[in-house]
Amino acid sequence: MNNLGQIKTSTRGFLAPAKYIQGYGEISKLESYTNSFGTKFLAYIDSFLFEALSSRLYSAYDTASIICEPFEGQVSIENSDKYIHTARSGNYDAIIGIGGGRTLDMTKLVANALDLPLVIIPTSAATDAPTSALSVIYSPAGEHINEMFYDKGPDLVIVDTEIISSAPVRLLVAGMGDALATFFEARACKESDSQNNIKGEFKRTLASYAIAKECYNVLLQDGLKAKLDAEAGICSPSMENIIEVNTLLSGIGAESNGAAGAHAFHDGFTALEECKPYLHGERVAFGVLCQLVLENRDTNELEQVIRFSLSVGLPVTLREIGVSEPTEEKIRTAAKAVLQSPLILREPLDITEDMLYHAIRSADILGNHYRKRGHQ
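Have a look at this one:
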């Protein structure tokens, strides 16, 4: 795992997928996109989507062969053994992952273990994981262990917006919450002179910082329109823009700049049992507010973030991520867990538990204030 925080290097690093394709119905062209890898493919598909998507994959291949297998269980080292064995014994030319975070993370693990080309096809825009060069590793019981970093990103990412637009709207909005953190965490990493998330020791590039800025700009411009269109079942230009923001811009922006406070607060909230049922991006969204309060950012910036979150339906209070009774004990528990996250080291401050406790409380008070006022 990367040694997070300040480093003494001037070396810059930028990581992205080798190829990114986004469009309506693109999965039907899968054979033409993958024929440069070979003629024999293995696809792991989310188990609950297996029946619907495996038939589409089989129909997408005419001359090449593809075997589809459902993915089940945790992304654990123990569980990965059987998937690696299957892939190795089949002598496949490339590995394809179709689904959500766990399926994609296991596909990355298998492809990198066998040094095979990796194709990623997300089924929602709930996080920026599809473009990243890492897998989140859990124990067989589902407890977070660490992150496994890889030397390169996916060889091909195909974002079929027909599939994405049919996913629950809540997933798209959660993806906006994850993407909302990208610029503010990039800025924190820049101000603290911290390394990014690329394997090794690298700092941000001008390109990655510009991408992070654009990520935030497009969220403000198209976020609400995309949510409304998604609710109406319309795959509009705004919807396409937000799908790209949630996956590509946020993915590159986070990996090549670095994550910081918002994701550290997210990690802290997972220490509270009532927060666990909520989506990653929902917890991150409130973490953004906590980070900005911690950094004592300008009131106008805080107000802009809160108004955006309210407009698309992202959490701005503890109650909205499950903490209906935010007692001192609960907030202290979260603050202690935030302090244990290595990501908090990337903040441009010397952090104490009390600072984190007060930031969470203050963010909750602020969020409640604006929620009572509505969108004024």
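Per our numbering, the sequence shown starts with residue 20, numbered consecutively. Ideal Cβ placement from N, Cα and C applies to all residues, glycine included. Small disclaimer: the values here were computed from a predicted structure and weren't measured.
8 Å contact criterion, which residue i and residue j should meet: CB distance rounded
{"i": "Leu-135", "j": "Ala-152", "result": "With 8 Å as the limit, Leu-135 and Ala-152 do not qualify as a contact, their Cβ atoms being about 15 Å apart."}
{"i": "Ser-66", "j": "Phe-90", "result": "6 Å"}
{"i": "Tyr-102", "j": "Phe-60", "result": "Not a contact, Cβ separation roughly 15 Å."}
{"i": "Gly-300", "j": "Gly-161", "result": "Contact flag wrong, Cβ pair sits at about 19 Å."}
Buried or exposed by the 16-neighbour rule on C-beta atoms within 10 Å, applied to residue i
{"i": "Tyr-389", "result": "buried"}
{"i": "Gln-93", "result": "buried"}
{"i": "Asn-215", "result": "buried"}
{"i": "Arg-107", "result": "exposed"}
{"i": "His-104", "result": "exposed"}
{"i": "Thr-336", "result": "buried"}
{"i": "Glu-70", "result": "exposed"}
{"i": "Phe-47", "result": "A small correction: the amino acid at residue 47 is Ser; Phe does not occupy that position in the sequence shown. Exposed."}
{"i": "Asp-81", "result": "exposed"}
{"i": "Ser-269", "result": "buried"}
{"i": "Asn-54", "result": "exposed"}
{"i": "Thr-30", "result": "exposed"}
{"i": "Leu-76", "result": "buried"}
Inter-residue Cα distance where the pair is residue i and residue j
{"i": "Thr-371", "j": "Leu-364", "result": "11 Å"}
{"i": "Ala-279", "j": "Ser-78", "result": "43 Å"}
{"i": "Ser-211", "j": "Glu-366", "result": "6 Å"}
{"i": "Ser-73", "j": "Glu-348", "result": "48 Å"}
{"i": "Ile-403", "j": "His-285", "result": "Residue coverage of the chain in this structure runs from 20 to 395, which leaves residue 403 outside it and unanswerable."}
{"i": "Asn-21", "j": "Gly-219", "result": "With a pLDDT of 44 at Asn-21, under the threshold of 50, the predicted position of this residue should be treated as unreliable, though the coordinate-derived value follows. Cα to Cα, Asn-21 sits roughly 7 Å from Gly-219."}
{"i": "Val-176", "j": "Ile-139", "result": "5 Å"}
{"i": "Tyr-39", "j": "Glu-344", "result": "44 Å"}
{"i": "Ile-230", "j": "Asn-236", "result": "10 Å"}
{"i": "Ser-227", "j": "Glu-250", "result": "32 Å"}
{"i": "Met-125", "j": "Asn-131", "result": "10 Å"}
{"i": "Leu-313", "j": "Leu-199", "result": "16 Å"}
{"i": "Leu-333", "j": "Ala-283", "result": "18 Å"}
{"i": "Ile-253", "j": "Thr-28", "result": "47 Å"}
{"i": "Asp-383", "j": "Gly-57", "result": "53 Å"}
{"i": "His-163", "j": "Thr-289", "result": "10 Å"}
{"i": "Tyr-376", "j": "Val-264", "result": "31 Å"}
{"i": "Gln-223", "j": "Ile-217", "result": "For the record, residue 223 in the displayed sequence is Arg; it is not Gln. In a straight line, the C-alpha of Arg-223 is about 10 Å away from that of Ile-217."}
Under 8 Å between C-beta atoms of residue i and residue j
{"i": "Glu-50", "j": "Ala-83", "result": "yes"}
{"i": "Cys-234", "j": "Thr-266", "result": "no"}
{"i": "Val-324", "j": "Val-303", "result": "no"}
{"i": "Thr-142", "j": "Gly-119", "result": "yes"}
{"i": "Thr-150", "j": "Gly-42", "result": "no"}
{"i": "Ile-379", "j": "Ile-340", "result": "no"}
{"i": "Cys-208", "j": "Asn-98", "result": "no"}
{"i": "Phe-203", "j": "Leu-311", "result": "yes"}
{"i": "Leu-247", "j": "Leu-321", "result": "no"}
{"i": "Leu-243", "j": "Ser-330", "result": "yes"}
{"i": "Leu-291", "j": "Thr-352", "result": "yes"}
{"i": "Gly-116", "j": "Ile-86", "result": "no"}
{"i": "Ser-158", "j": "Lys-127", "result": "no"}
{"i": "Ala-145", "j": "Leu-298", "result": "yes"}
{"i": "Ala-354", "j": "Gly-287", "result": "yes"}
{"i": "Leu-238", "j": "Phe-327", "result": "yes"}
{"i": "Met-258", "j": "Ser-185", "result": "no"}
Length at least 3, wholly inside the segment 113 to 156: the beta strand (DSSP E) runs in chain order | 113 to 118 and 137 to 141
Could you pull out every unbroken alpha helix (DSSP H) segment of at least 4 residues lying fully inside the segment 170 to 258, listed in chain order?
-> 180 to 184, 188 to 211 and 225 to 250
Let me know the alpha helix (DSSP H) ranges lying completely inside the segment 308 to 389, each 4 residues or longer, listed in chain order.
-> 318 to 331 and 347 to 359
Of all the alpha helix (DSSP H) runs that stay within the bounds of the segment 27 to 86, which reach a length of 4 or more residues?
-> 49 to 53 and 69 to 79
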